[in-house]
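First up is the structure itself, then whatever we jot down about it.
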Amino acid sequence: MDQRSSDPKHHPEGIAVALGGGIGRGWVHIGVLRALDECRIPIHTIAGTSIGAIVAGAYLAGKLDELEAFARAATWRRMFGLFDLRWGGQGLVTGAKIDRLLRASLGNMQIGDLDRPFIATATSLPGGEEVWITAGSLVLAMRASYAVPGIFEPVSWGHRTLVDGALTAPLPVKACRMHSPCPVVGVTLSGDPGFKEVVIEEAAVDPDPARAYEASGVEAGGGQLGFGGVILRSFAVLQDQIVHSMMVSSPPDMLLAPPTESIGLLDFHRADESIAIGYETTMAHRDELRAYAAAK
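First residue of the sequence shown? That's 1 in the UniProt record's numbering, and the numbers climb one at a time after it.
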């Protein structure tokens, strides 16, 4: 892991792309990258968080076709068959099956083998530092970036214990800025990065003056969440709030926010829709993207 600053005097044509986390919504990123390639918009650097790191790494490794074929063929049974459960460890899922799947495609590829800069974000425990992985095993970097606490076992990297980068950088804009002089295009899978406010209809407690919550009714498609669902949904709420703060403190030059609200966090089996959403959103902004890519 290192932190390389690009030469500010060198301004290559292109953009730096920050692919955010989003669990089952992550196939949206495939459509985004397909559209960028179709529009011949050069990508100088890619940083990815969580599933964004998987898509970014596959793209730079020349394996996006394989990943897309896997995603489009995914079913509930196939995806959850990859979750090798084990009680009593540091996570519900060991991650060994997913590791084997990634290594079957990528082998022992190193980040240094890629033809463009790649950064996978992770979070170091117990201190909570944001970590940028820019060297070493590509598969291990991906695993560290998507290791959702409580779900996947953490990844040991040297003296560090690494978990999902979405805890500290759900949209890895800062990593892009530190590794590329190009304009940064962020892709968030949270939809509108602002707070979601609803009106209280009935409540047994005093309303929070800063935000309003609905205290009656059930969210569409709702119902009781299982143990894993509670962890993932809570994690997604935290991620959304961090993205909101980042949009104030360190926004990208351009933000793509594909409308992912209809795609659930575990909807890995809806790749056709997800990829189309990413592609269509990017194509709708192709003129702006071309302008950023040409900026010096």
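Note that CB positions come from ideal geometry on N, CA and C, so glycine has one too. Being a predicted model, the structure only gives us computed values, none of them experimental.
So residue i and residue j are supposed to be a Cβ contact under 8 Å. How far apart are they, rounded?
i	j	result
Gly24	Leu265	5 Å
Gly20	Leu189	5 Å
Ile30	Glu66	11 Å between Cβ atoms; not a contact.
Leu256	Val185	6 Å
Leu125	Thr161	5 Å
Pro252	Ala18	6 Å
Thr121	Ser145	6 Å
Is residue i helix, strand or coil when you go by DSSP?
i	result
Ser124	strand
Ser190	coil
Tyr213	For Tyr213, the pLDDT reaches just 33, beneath the cut-off of 50, and the residue's location in the model is therefore unreliable, although a value from the coordinates is still provided. If DSSP states are grouped into helix, strand and coil, Tyr213 belongs with coil.
Arg160	strand
Gly165	helix
Gly13	One detail in the question is off: residue 13 reads as Glu in this sequence, not Gly. Of the three classes helix, strand and coil, the one that applies to Glu13 here is coil, per DSSP.
residue 366	In the structure displayed, the chain extends from 1 to 296; residue 366 sits before or after that span and is not available.
Phe268	coil
Gly62	coil
Thr273	Sequence inspection shows Glu at residue 273; the Thr mentioned does not correspond to that position. Helix at Glu273.
Trp27	coil
Phe83	coil
Glu130	strand
Thr49	strand
Leu114	coil
Glu219	The predicted position of Glu219 is uncertain, since its pLDDT is 38 and thus under 50; no value can be drawn from it.
His44	strand
Met178	helix
Gly278	helix
Please classify residue i as buried or exposed, where buried requires at least 16 other C-beta atoms within 10 Å of its C-beta.
i	result
Ala71	buried
Asp164	buried
Leu36	buried
Gly128	exposed
Trp87	exposed
Glu261	exposed
Ser156	exposed
Ala16	buried
Pro117	buried
His44	buried
residue 298	No answer is possible for residue 298: it lies beyond the span of the chain, which begins at 1 and ends at 296.
Arg77	exposed
Leu85	exposed
Ser274	buried
Glu38	exposed
How big is the Cα-Cα spacing for residue i and residue j?
i	j	result
Cys182	Pro12	7 Å
His179	Gly107	26 Å
Arg40	Ser137	29 Å
His159	Ala284	45 Å
Trp132	Asp287	31 Å
Lys174	Gly278	22 Å
Ala276	Arg34	10 Å
His269	Gly112	32 Å
Ile51	Tyr292	25 Å
Consider the C-beta atom of residue i and the heavy atoms of the ligand SAM; say whether any pair is separated by less than 7 Å.
i	result
Val155	The ligand SAM is absent from the structure shown, which contains no ligands of any kind.
- Message: If contact is defined by three or more beta carbon pairs under 8 Å, each pair taking one atom from either stretch, is the stretch 68 to 84 in contact with the stretch 140 to 147?
- Response: Segments in contact, no.
- Item | the stretch 25 to 32 / the stretch 89 to 104 touching (three or more Cβ pairs under 8 Å) | No, the stretch 25 to 32 does not touch the stretch 89 to 104.
- May I ask you to verify whether the stretch 62 to 71 touches the stretch 170 to 178, counting CB pairs closer than 8 Å and requiring at least 3? With a cut-off of 8 Å, the stretch 170 to 178 and the stretch 62 to 71 do not count as touching, because too few Cβ pairs lie within range.
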